[in-house]
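Structure representation (structure tokens):
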């Protein structure tokens with residue numbers, strides 16, 4: 001996933017990165033998430049946030065994170081992992097182990 005900035009200067013770099021990642025074809029899919037459309041964005045899989053007031057990038061990040069979290073959850077469930085047990089081996093887990101809580 002490539003999050004495309006609304007700031008004109010930063011957006012140029014994001015679109016360049018998106019173009020490069022899609023051209024390299026190393027990832028199965030490169031999805032652009034943006035507020036404003038563009039021919040580069042529309043050239044591949046993309047999600048456009050619903051029209052609303054103009055967001056600065058910091059505000060926009062929270063909208064982007066929601067899509068990323070839902071996508072990650074769906075993919076985890078697809079491969080048989082769950083939020084409470086993210087890896088079958090237990091390498092990744094939700095509980096921090098070995099930490100001493102000091103008063």
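In full-length UniProt numbering, the protein residues as written are 1 to 103. Virtual Cβ for every residue (Gly too), placed ideally from N, Cα, C.
For residue 76, verify whether its CB is less than 7 Å away from any heavy atom of the ligand GDP. Only the bare structure without any ligand can be found here, which leaves the ligand GDP out of the picture.
So, are the CB atoms of residue 30 and residue 2 less than 8 Å apart? Position 30 of the chain shown holds residue 30. Position 2 of the chain shown holds residue 2. Contact: yes.
At a cut of 8 Å, does the segment 60-67 reach the segment 75-84 through at least three beta carbon pairs? Segments in contact, no.
Ignoring anything shorter than 4 residues or poking outside the segment 18-59, list the alpha helix (DSSP H) runs there in chain order. Complete alpha helix (DSSP H) runs here, min 4: 39-42.
Which word fits residue 14, buried or exposed, when buried means at least 16 other C-beta atoms lie within 10 angstroms of its C-beta? Working through the chain shown from its first residue, we reach residue 14 at position 14. Residue 14 is buried by the Cβ-count criterion.
Nearest residue (CA-CA) to residue 19, options 40, 5, 9 and 7: Stepping through the chain shown from its first residue, residue 19 is reached at position 19. The residue with the shortest Cα to Cα distance from residue 19 is 40.
Presumed contact (8 Å Cβ cut-off) between residue 67 and residue 100, rounded CB distance: Here residue 67 refers to the residue found at position 67 when the chain shown is read from its first residue. Here residue 100 refers to the residue found at position 100 when the chain shown is read from its first residue. Their Cβ separation, rounded to whole angstroms, is 37 Å, which puts residue 67 and residue 100 out of contact at 8 Å.
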